Amino acid sequence: MLTQDQIDTYNRDGYIAVRGVYTPAEVRELQEVTEEFVQKSAEVSEHTEVFDIDIKAGHSADNPKLRRIKNPHLQHDAYNRAMRNPKLLDIIEQLIGSDIRHHHTKLNNKAPGGGAQVEWHTDWGFYPATNDDILEIGVAIDPMTVENGCLMVMPGSHKGPAYDHHEDGVFVGAVQMSDVDMESAGQILLEEGDISIHHVRALHGSEPNMSANARRLLLMGYSAADAFPIGGYGDWETWQSYMLRGTGTNVPRFNGAPVRIAEPKPADKGSIFEIQEELSKTHFEEVKPT
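Here the sequence shown stands for residues 0 to 289, where the numbers follow numbering that gives the first Met the number 0.
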């Protein structure tokens, strides 16, 4: 459970780290399962419904460069159990209330020696809703360090505007660098089993992994049951099946959070990595490993 100081910090800054949420045994299982998926990704040469691979970084059968496992909770029970972890849901309940809906899962894998950065953005820029009681959990499968591209967040940015993620009229999934004050960025450093929590409207990004080790982060989104996506929720029964705790509703709650729609999108682009490739200039210096 969170202390009142942690809750106050989250509300003030838009992010916190929480230590030791997952046990060593739970982390070990996630590490082993993830390594199995990395090896499976060596069998493909292009993006699939499960894998987003880093083709530009030289992905190959001998040297797999897996960037993302898509919807990992649908790919293996270990991820599904991690998403439903009661200890985690207790923490989330303290921040967005007792009626909790699953929003999404993904596992970002930064390969060593320059694994893909994530440009500065807000999750709200991708999926605005009727209210912003939505948050993202990052489960550290490996330690999150400065060297391997830990998550960075702009404190208080979750109280800001609906940041523009467009360039030349097209959605590129990243803000302009003029919106980012790098000197004030907070770094979320984690050990295995720790979690990061950031608000859906918090500006965040991460640098390339310039260490010699992989950096694997299981990301899981959760929302209040009455936060309805502006872009629609699809099939009602499926939408209701995403409830993890409490009771669903057909009454959206509006809280006046500013919204900007993530359209139009570039053609034939799927993950955030692909979309952000449309950005004319990376937010991070391109450093080559020595």
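We treat Cβ as the ideally placed atom computed from N, Cα and C, and that holds for glycine. Owing to the predicted nature of the structure, the values given are computational and were not obtained by experimental measurement.
Within the same chain, show all residues whose beta-carbon is closer than 6 Å to that of residue i, passing over the 5 residues directly before and after it, in chain order.
i      : result
PHE298 : In the structure as shown, the chain starts at 0 and stops at 289, and residue 298 therefore has no counterpart that could be examined.
SER222 : ARG100, HIS102 and ILE133
ALA139 : LEU189, GLU191 and ASP193
PHE26  : Residue identity differs from the one stated: residue 26 is Val in this sequence, not Phe. These residues qualify, in order along the chain: GLU191 and GLY192.
THR248 : ALA224 and ASP225
TRP238 : TYR232
PRO71  : TYR78, THR104 and LEU106
LYS268 : ILE274
ALA211 : PRO111
GLN30  : ILE140
MET181 : none
GLU28  : ALA77
VAL179 : TRP119
Which term fits residue i, buried or exposed, when burial requires 16 or more other beta carbons within 10 angstroms of its beta carbon?
i      : result
LYS109 : buried
LYS287 : Legend: pLDDT at LYS287 = 40, less than 50; position of this residue unreliable, no value from coordinates given.
ASN107 : buried
GLN353 : With the chain represented from 0 up to 289, any question about residue 353 goes unanswered, as that position is not in the structure.
ASN131 : Correcting the residue identity first, residue 131 is Asp in this sequence and not Asn. By the 10 Å Cβ count, ASP131 comes out buried.
ALA201 : buried
ILE90  : buried
ALA128 : buried
THR289 : Caution is warranted here: a pLDDT of 37 is assigned to THR289, below 50, making its placement in the model unreliable, and no coordinate value can be reported.
TRP376 : Since the displayed the chain opens at 0 and closes at 289, residue 376 lies outside it and no answer follows.
MET219 : buried
ILE136 : buried
LEU278 : buried
PRO23  : exposed
ARG204 : Position check: residue 204 holds Gly in this sequence, whereas Arg was assumed. Buried, by the Cβ-count rule.
GLU262 : exposed
GLY124 : buried
GLY185 : buried
GLU48  : exposed
Which residue wins for smallest C-alpha separation from residue i, given the options the options?
i      : options                          : result
VAL171 : GLN275, ARG18 and TYR78          : GLN275
VAL169 : VAL152, PRO142 and ALA266        : ALA266
ARG214 : ALA201, GLU34, GLY230 and ASP178 : GLU34
GLY57  : ALA41, GLY230 and ALA184         : ALA41
HIS157 : ALA211, HIS120, ASP76 and LYS280 : HIS120
GLN175 : THR22, SER183 and GLU166         : GLU166
VAL199 : ASP122, SER279, GLN5 and HIS46   : ASP122
PHE36  : ALA211, ALA60 and ALA24          : ALA60
VAL250 : ASP98, LEU217, LEU216 and PRO263 : ASP98
ARG18  : LYS55, GLU45 and THR2            : THR2
GLU217 : ALA173, GLN5, ALA81 and VAL179   : The sequence as given places Leu at residue 217; Glu does not occur at that position. It is ALA81.
ASN62  : VAL43, ALA184, THR8 and ALA173   : VAL43
ALA173 : MET209, LYS264 and ASN208        : LYS264
Leaving out five residues before and five after residue i in sequence, what residues of the same chain have Cβ atoms less than 8 Å from its Cβ?
i      : result
ARG83  : LEU243
ASP53  : LYS64, LEU65, ARG66, ALA110, GLY114, ALA115 and PHE272
ARG11  : PRO154 and GLY155
VAL32  : HIS75, ALA77 and TYR78
TYR241 : ARG100, HIS101 and HIS102
THR281 : GLN116 and GLU118
MET0   : ASP89, ILE90 and GLN93
GLU304 : There is no way to answer for residue 304, as the model of the chain reaches only from 0 to 289.
For residue i, which residues from the same chain have a beta carbon less than 7 Å from its beta carbon, with the 5 sequence-adjacent residues on both sides left out?
i      : result
LYS86  : VAL20
ILE187 : TYR14, ALA16, MET143, CYS149, LEU150, VAL152 and SER195
SER270 : ASP51 and ARG67
PRO228 : TYR126 and ALA128
TYR9   : ILE15, LEU94 and ILE196
SER183 : MET153 and PRO154
### Task
Would you mind listing the beta strand (DSSP E) stretches within the region 65-94 that are 3+ residues and don't spill past its ends, in chain order?
Note on the region 65-94: whole beta strand (DSSP E) runs with a minimum of 3 residues are 65-69, in chain order.
### Query
Between the region 256-270 and the region 154-164, do at least 3 Cβ pairs fall closer than 8 Å?
Yes, since at least three Cβ pairs between the region 256-270 and the region 154-164 fall closer than 8 Å, the two stretches touch.
### Message
Runs of 3 residues minimum, wholly inside the region 202-269: which ones carry the beta strand (DSSP E) assignment?
### Response
The DSSP assignment places complete beta strand (DSSP E) segments of no fewer than 3 residues inside the region 202-269 at 203-205, 214-223 and 242-244, in order along the chain.
### Query
Contact between the region 146-153 and the region 76-94: three or more CB pairs below 8 Å?
In the pairwise beta carbon analysis, the region 146-153 is classified as not touching the region 76-94: fewer than three pairs are separated by under 8 Å.
### Query
At what residue ranges does the region 149-206 contain a whole run of the beta strand (DSSP E), taking only runs of 3 or more?
150-152, 185-187, 194-198 and 203-205, all fully within the region 149-206.
#### Entry: Whole runs of the beta strand (DSSP E) within the region 96-121, excluding any shorter than 3 residues
Listed in chain order, they are 99-109 and 117-120.
### Query
Which residue spans inside the region 1-51 form an unbroken alpha helix (DSSP H) run of at least 4?
Entirely contained in the region 1-51, the alpha helix (DSSP H) runs reaching 4 residues are, in chain order, 3-12 and 23-40.
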